[in-house]
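As you go down the protein sequences, you meet chains A and B in turn.
Add 26 to the 1-based position in the first sequence for the working numbering, that's all there is to it.
Add 91 to the 1-based position in the second sequence for the working numbering, that's all there is to it.
Virtual Cβ for every residue (Gly too), placed ideally from N, Cα, C.
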Amino acid sequence: MPVIKDAVCSLCGSLCDDITVTVEDNKITKIENACILGHSKFVGMFEHDRIETPMIRKDGELVPVPYEEAIEAAAKILVNSRRTLSYGWCSTSCEAIGKAIQLAEETGSLIDSTANVCHGPSALAAQEKGSPGASLGVIKNRADVIVFWGCNPVHAHPRHMSRYSSFSKGLFSTKGRKGRKMVVIDVRKTDTAKLADKYVEIEQGSDLLLITALRSAVNGHEDVIPETVAGISKEEILELAETLKNAQFSCIFFGMGVTQSRSKYKNGDGVSSLISDLNQHSKAVTIGMRGHYNVTGFGQVATWETGFPMAIDFSRGFPYYNPGETGANDVLVREEADAAIISAADPGAHFPQKAVRHLAKIPVIQIDPYANPTTEIADVVIPAAVVGIEAEGTAYRMDAIPIRMKKLIDTEFKTDEQITKDLITKVRELKEGA
Amino acid sequence: MRMSEILIKNANVCDPAQGINCETMDLCIRDGKIVESVSESAEVIDAAGRLTMAGGFDGHTHSAGKINVGRFMNPNDARRTLVPGLSGPEARTEKTRAQVGYNTPNTYAIGYRYAKLGYTTICEAAIPMLAARHTHEEFKEIPILDKMGLSLFGSNWQVMEYVRDKEPEKLAAYVAWGLKASRGYGVKIVNAGGGEAWGWGKNVSGLYDPVPNFDVTPAEILMGLAEANEKLQLPHSVHVHCNNLGKPGNYETTIETMKMFEKVKPTVDRQALHVTHVQFNAYAGTSWRDFETGAPMVADYLNGANHLTFDLGQVIFGPAVTMTADGPVEYANSRMLHEKWSNQDIELEDASGVVPLSYSPKSFINAVQWAIGIELALLVEDPWKIMFTTDSPNGGSFVNYPEAFTYLMSAKKREQVISGFGKMALDRMVLPGLDRELSFYELAIMTRSMQSKMYSRPEKGNLKVGSDADVAIYDIITSDIDPSVEHEKVKQAFSGAAYTLKDGNIVVKDGKIEATPMGRTYWVNAKVPADIDSAMNKDTDIKFKKYYTVSKSNYMVEDSYLPNPVEIRTEGAF
C-alpha cells in the first residue's frame with residue numbers, strides 16, 4: 027500500500043506540503059495532516075461532479091465526443107474569434123499557465139486570471155507603493171504581532187494559523203500563540219476574530235480611513251486624527267499604533283475585505299505605506315492572503331513571460347496592460363469578447379450578471395476537472411486531470427515560494443498542460459491550412 | 092545539436108585568452124565546437140575582416156528570479172523604448188516570442204537582447220535557495236543563452252551556526268548540499284550577516300559587528316564560507332557583495348574585506364575572491380554632503396593585489412531598478428528617494444528588496460557614482476582583474492553595455508558626458524584627469540576572457556580549439572576605426588552583432604534574431620565524504636522540522652526544472 031509523504035495540497039494559497047496520502051488501487055484511501063478543505067478536495071475527487079468526457083454542445087445539449095474532436099472544435103473557435111478572452115488559470119500548474127499564455131499570444135487573445143475579482147487590486151497597490159513582504163516562515167519564526175485584516179483564515183486558510191502564523195512556533199517565537207499578540211480587523215466578528223487578543227470592528231468600506239489614521243499615529247501626527255475614525259475611537263487607534271510600533275516583528279495579513287471593498291487598490295497602497303512607516307520603529311511586513319492555490323503562480327508566470335501580472339491583451343502582437351480596460355470583466359461588460367476559453371475557474375458563478383450574460387452569448391470553451399455553472403454556458407467542454415492529485419507541476423504559495431506538486435494517482439484525463447499544448451498545435455495547423 | 096560545419100573566413104579575431112589581438116584569420120566550427128579545420132562542404136560565413144570575439148559572458152546580472160518583483164511593481168518599464176532595437180514592446184514573429192521592457196525585460200527579451208549584443212552566457216547573481224525553483228523556471232524561458240546562478244549563503248542560519256561552532260567540514264557539506272538543492276553554481280554572500288539583522292529591521296555596521304542572536308561577525312562568515320568554498324574546490328570563488336554598500340566612506344570596508352582574503356589559498360586555479368559591483372562600495376566621505384569618489388584608494392589596493400577579481404557595477408543615466416539581497420539597503424533607498432519599496436525576507440536564509448530609481452547627471456551624487464565605475468576600470472591597470480557589468484539592472488540595464496563601452500574607450504565621449512556635470516560633481520571625482528582609453532583587446536578581456544578563468548569554464552569566453560563555438564562578429568574594421576573619436580560607430584556595432592553564433596548555430600544575423608535554441612544550465616555537484624554529509628543532514632533535518640515551512644524533500648529542485656543541465660562535479664579536499 028503506497029504511502030506518499032510530503033504531498034502538496036492544491037486547495038488554498040497556504041499550499042501545505044506536509045500531507046500524507048495513502049493510495050490503494052489508484053484511490054486515495056487515507057489523508058493525514060490536511061485541513062477540512064484540503065481533505066474534502068482529496069476525497070471529493072471521487073464524490074464531486076467530475077466531467078467524465080469531452081463534450082460539444084449540439085442543438086443545445088452537451089454531447090460526448092473524443093478528446094481530438096473537442097480540441098479541434100475549441101481550436102476552430104479560437105481561430106475564428108477576433109477577440110478571445112482567456113480566463114482563469116489559477117487552480118492549475120505554472121507549466122499549464124505558461125502554455126496558456128503562449129496560446130493567448132499566438133491567437134492575439136486577452137488573458138486574465140481570477141485575480142480580476144480577488145487580489146488584482148493588490149497588484150495595483152504594489153505598482154503604486156511596492157510590496158514589502160516575507161516568506162511565511164519568517165512570520166513563524168519572528169513575528170510577535172500578527173494582524174488579520176479583512177480575512178478569515180479559520181475558514182478560508184484553516185492551517186495558516188498553526189503552520190505559519192498565530193499558533194506556530196519558531197526560533198524566536200518559542201511560546202507560539204502565548205508570545206504573540208493577535209489583532210483582527212473586520213466588519214464582523216468572524217471565527218478568526220473570536221481567537222484574537224484584540225478585535226477591531228470597522229465600519230464597512232472605511233479601511234482606508236483607518237489605515238490613514240494609523241499612519242498618522244505611527245508618524246507622530248496624533249493631532250490630526252478625529253475623535254472617531256471608521257467607527258473606532260481615537261484612543262483605540264493610538265493603542266493599535268503603539269502595539270505595531272512596539273512590536274519586535276509585525277505582519278499584516280490582508281484579504282479580500284481590503285482588496286474588494288471601497289477604495290480597492292488604495293487600501294493596499296495604504297497598507298504598503300503603513301508598513302514602510304512602521305519600519306522606522308520596528309520590523310514590519312505584509313502578505314496578501316491569496317485564495318486559489320496557484321493564483322500567485324499565475325501572476326509570477328505572466329510577469330516573467332509578458333511583463334505584466336494579469337489583464338494582458340495580445341491583440342497588438344505584444345503584451346498590453348491596462349486593468350480597467352483589459353481585465354476579464356472589462357471586456358465582458360463592454361460586450362467586446364467574441365469567444366472565451368476558461369480554465370480552472372468559474373466565472374459563471376462568480377462574475378457580475380452583466381458579464382455572465384455576455385459570456386452566455388459567445389462561444390465558450392471550458393477546461394476543468396469539474397462541472398460548475400460555467401459548464402452550463404460552455405460550448406466545448408474539455409475535462410482535465412486534477413493538478414496536485416492526478417498531475418504534477420509547480421505552484422507558488424501566497425508568499426511566492428514555489429513548490430512542486432506531486433502526482434498521487436494515475437488518470438485517463440489529459441492534464442491542463444497537455445490540453446493547452448494540443449490546442450496550440452491544432453491552432454497552428456488550422457492557421458497554416460487557412 | 093545538429094551535425095554541422097562552419098567556416099568563418101576573414102575574421103579579425105580578438106581573443107585575449109590566446110593573446111590574439113585583432114589578427115585576421117579563419118575560424119573553423121564543427122558540431123558546436125571550435126576545431127582546427129573543416130571540410131570543403133562547410134557553410135561559409137565571410138566576416139570580411141570584421142571584429143570577431145568569443146561570445147560575451149555577463150558574470151553578474153539579475154535576470155531570473157528577483158527581477159520578477161521588479162517587473163511586477165514597475166509595469167511602466169515594459170513600455171520604455173530608451174534604447175532602440177533593444178527595449179520596449181515588440182510583437183511576436185515567426186521566430187520570436189513577444190517582448191517588452193528595458194530594465195526588466197520579459198524572459199524572452201532577455202535572451203534575444205543579450206544575443207544581439209553578442210553575449211551568449213549569463214550568471215544570475217542571486218538565488219534564494221528556498222525559492223530556487225523560481226530562478227530555474229525563468230531560466231527555462233530565457234532562450235539562446237547558457238545560464239548559471241549563485242546561491243545565497245551570507246545570512247543563512249545553518250551557515251552562521253557552523254561558523255560559530257567551528258564546524259568547517261559540516262559547513263562545507265552544507266554548502267555542497269545547498270548548491271545541489273538550489274542547482275547553483277557558486278557561493279554568493281550579500282552583506283554578510285546583514286540579512287539576518289534585517290530580520291529585526293537592523294543592519295550590521297561592518298566586518299566586526301556581531302550578527303544579532305548568532306554570535307558571529309560578518310568577517311567570520313566570509314572567512315568560513317571562503318574556507319568551505321576552497322575545501323569543496325568549487326569552480327568559482329566566493330562572490331561577495333561587501334558590507335556597507337551604498338554608504339559614504341564604505342571604501343574602507345571594501346579594502347578591509349579584500350585584504351582579509353589575502354590569506355585564503357585557492358584550491359582551484361582562479362581568484363580567491365570576487366568582489367561585485369565595486370562602484371557601489373567605493374565611496375569616500377562621511378555623509379552625502381561630503382560624498383566623493385573612493386575609487387583611487389580601492390584601485391590603488393587592487394593594483395598591488397593578485398588574489399581577487401571584481402566587477403564594476405557601472406551606472407547608466409536614466410531609470411534603473413535596484414534589486415538585491417541587501418534588504419536594509421533597499422529600505423534605506425526607498426525612504427531616501429521616497430520611492431516604492433518591495434521586500435522579501437526568506438526564512439532562515441536571507442533578505443531582499445527592490446526599489447526603482449533614476450540616475451541623473453544633474454545630481455552630483457549620481458554623477459560621481461557614474462564616474463566611479465569608469466575610474467575603477469581605468470585606474471586598475473590589469474584588465475584581467477576586471478569584469479565589466481552594470482549589475483544589471485541596478486546600475487542600469489544591460490542593453491546599455493554598448494554605450495558604456497564607449498565611456499571606457501573614448502576620453503572624448505567621457506568629456507561629452509562630463510560637460511553636463513556641475514562643479515560640485517567635478518570636485519568629487521578624478522575622472523576628468525584620466526586619459527586612458529581601453530582597446531578592443533582590453534574590452535574583450537573584461538567582457539568575456541576573464542570570466543572564463545574566474546568561473547573555471549575553459550570552454551567559454553575564448554576561441555581556442557575545443558571551446559564552445561559561441562562567437563560574436565561586430566561590424567567594425569579595427570584598422571579603420573578610431574574608437575576614441577568614432578565612439579558612436581563603436582556603440583552602433585556593439586548594439587547589434589553582425590553575427591552571433593551559439594554552439595555553432597547562427598542565432599543573430601545583422602542584429603536580428605535568426606534562431607532560438609535552448610541554452611544549458613550549469614550547476615555544481617561537490618563531493619563530500621559520506622559521514623560528514625550525514626552528520627550535516629542530521630542538523631538540517633532539525634532546521635526543517637522546527638523552523639522551515641517547506642518540507643526538506645520538497646526543498647530540493649527536481650531534475651525537471653533543468654531541461655538542459657550541465658553538472659559540474661568537484662572532488663573536494665577534505
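Length of the line joining the Cα atoms of residue i and residue j
i: A:V382; j: A:P373; result: 7 Å
i: A:D32; j: A:P179; result: 22 Å
i: B:Y646; j: A:I435; result: 22 Å
i: B:A317; j: A:E265; result: 48 Å
i: B:T348; j: B:F401; result: 12 Å
i: B:I567; j: A:N348; result: 42 Å
i: A:I391; j: A:A411; result: 16 Å
i: A:E229; j: A:G257; result: 6 Å
i: A:S369; j: B:L428; result: 42 Å
i: B:M500; j: B:G376; result: 29 Å
i: A:C177; j: A:K220; result: 13 Å
i: A:T312; j: A:G283; result: 15 Å
i: B:S488; j: B:F244; result: 26 Å
i: B:E311; j: B:V615; result: 24 Å
i: B:R93; j: B:D117; result: Annotation note: pLDDT 47 at B:R93 (below 50); position unreliable, coordinate value reported separately. Rounded to the nearest angstrom, the two C-alpha atoms are 22 Å apart.
i: A:P20; j: B:V576; result: Only positions 27 to 460 of chain A appear in the structure, and residue 20 of chain A is not among them; the question remains open.
i: B:M388; j: A:Y319; result: 53 Å
i: A:S161; j: B:G286; result: 13 Å
i: A:V453; j: B:Y590; result: 33 Å
i: B:L467; j: B:I201; result: 27 Å
i: B:N596; j: B:G123; result: 7 Å
Segment limits, beta strand (DSSP E) that includes residue i
i: B:A223; result: Taken as a continuous stretch (DSSP letters only), B:A223 belongs to no beta strand (DSSP E), being part of the alpha helix (DSSP H) at 223 to 231.
i: B:R660; result: 656 to 661
i: A:T48; result: 45 to 50
i: A:S139; result: 136 to 139
i: B:M414; result: 409 to 415
i: B:H365; result: 364 to 366
i: A:I429; result: 428 to 431
First and last residue of the uninterrupted alpha helix (DSSP H) at residue i
i: B:R183; result: It is not in any alpha helix (DSSP H) - B:R183 carries neither H nor E in the DSSP assignment.
i: B:Y87; result: Look at the range of chain B in this structure, 92 to 665, and you will see that residue 87 of chain B is not part of it.
i: B:C119; result: Careful: B:C119 lies outside any alpha helix (DSSP H), inside the beta strand (DSSP E) at 111 to 121.
i: B:S425; result: 418 to 428
i: B:N628; result: 621 to 637
For residue i, the residue or residues it bridges with in DSSP
i: A:C277; result: A:I172, A:V311
i: B:G147; result: B:Y210
i: A:C38; result: A:H318
i: B:L142; result: B:N103, B:Y565
i: B:N596; result: B:K593
i: B:H332; result: B:V281
i: B:Y613; result: B:V657
i: B:T152; result: B:E215
i: A:P90; result: A:M81
i: B:K754; result: Given that chain B is displayed from residue 92 to residue 665, the structure contains no residue 754 of chain B and the question cannot be resolved.
i: A:V29; result: A:T48
i: B:T400; result: B:H365
i: A:E132; result: A:E132 is not bridged to any residue.
i: B:E134; result: B:I97
Integer-rounded CB distance, given that residue j should sit under 8 Å from residue i
i: A:F174; j: A:T218; result: 6 Å
i: B:T480; j: B:D237; result: Not a contact, Cβ separation roughly 17 Å.
i: B:T212; j: A:G163; result: B:T212 to A:G163, Cβ: 34 Å. No contact.
i: B:G709; j: B:G147; result: As displayed, chain B neither begins before 92 nor continues past 665, which places residue 709 of chain B out of reach and without an answer.
i: B:L470; j: B:A390; result: 3 Å
i: B:M239; j: B:T612; result: 7 Å
i: A:G114; j: A:T140; result: 6 Å
- Kindly provide the ranges of any beta strand (DSSP E) runs that are 3 or more residues long and lie completely inside the region 220 to 289 of chain A, ordered along the chain. 224 to 227, 275 to 280
- Continuous beta strand (DSSP E) assignments of at least 3 residues falling wholly in the region 374 to 460 of chain A: 390 to 394, 406 to 409, 419 to 422, 428 to 431
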